Amino acid sequence: MVRLTRLSSKKLGEILLEGELLDKDRLEHALQEQAKSHELLGEVLVRLGYVTELDIARSLATQFALPFLNVSQYDVNRDVLARFSPAMLMEHQCLPLDQIGQVVILAIGGPIDAKVMEQFERVAGCEVHLYVSTSAEIEKALDKYLAERDK
């Protein structure tokens with residue numbers, strides 16, 4: 009069973025600093041905002057306009073040692089998508105892309121906990137491998153493919 013664990017000892021802010029995508033002052037400001045709003049740091053940074061959602065997605069891919077994928081450039085396997093309820097996909101902002109052998113490829117827009125991962129594996133009936141994309145791309149693809157499915 010696949011578990012999402014941070015393989016890098018670096019935090020998201022550190023990765024953004026090292027990549028010169030963010031400076032220390034803006035990181036400190038975002039951390040203060042995060043303490044008030046209880047949002048994820050990436051959400052705060054994007055909301056403040058300090059980084060893009062793409063910057064966050066690529067940094068999360070680095071942090072969790074997962075591949076990055078532009079969902080908009082991928083043709084989703086509708087048979088795999090059909091296994092999952094729209095509510096489940098929308099709630100967790102995840103998009104099943106394809107199945108290769110006994111592995112379902114799942115795009116995520118942010119961190120996903122072990123219980124959610126187990127839920128996806130249970131529904132898929134096999135192992136799930138994660139790829140990181142942007143939440144906006146996943147949402148756009150979900151809107152498109154779920155609308156097709158409802159026809």
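The numbering of the sequence shown is this note's numbering, which starts it at 9 and goes up by one.
Backbone N, C-alpha and C fix where the C-beta goes; we use that ideal spot for every residue, glycine too.
Please read all numbers here as calculations on a predicted model, not as lab measurements.
The three-state secondary structure of ALA73, taken from DSSP, is coil. The closest CA to that of ASP151, considering only MET98, ARG130, LEU138, is found on MET98. ASP31 counts as exposed, since fewer than 16 other C-beta atoms from the protein chains shown sit within 10 angstroms of its C-beta. When DSSP states are grouped into helix, strand and coil, GLN110 belongs to the coil group.
Taking a C-beta distance under 8 Å as the contact criterion, ALA115 and VAL79 qualify as a contact pair. Taking 3 residues as the shortest admissible run, the region 123-154 contains the following complete beta strand (DSSP E) segments, listed from N- to C-terminal end: 135-140. Measuring C-alpha to C-alpha distances from VAL111 to each of GLY57, LYS44, GLU41, GLU135 identifies GLU135 as the nearest. For the pair LEU48 and GLY118, the CB atoms are nearer than the 8 Å cut-off.
Looking at the DSSP output, LEU103 sits in a beta bridge with ALA115. For ALA90, the CB contacts under 8 Å within the same chain, skipping 5 residues up- and downstream, are ARG157 in chain order.
Taking a contact as a CB-CB distance under 8 Å, the pair LEU105 and TYR82 counts as one, their CB atoms being some 6 Å apart. For SER45, the enclosing alpha helix (DSSP H) has its first and last residue at 32-45.
Between LEU138 and LEU74, the gap from beta carbon to beta carbon is short of 8 Å.
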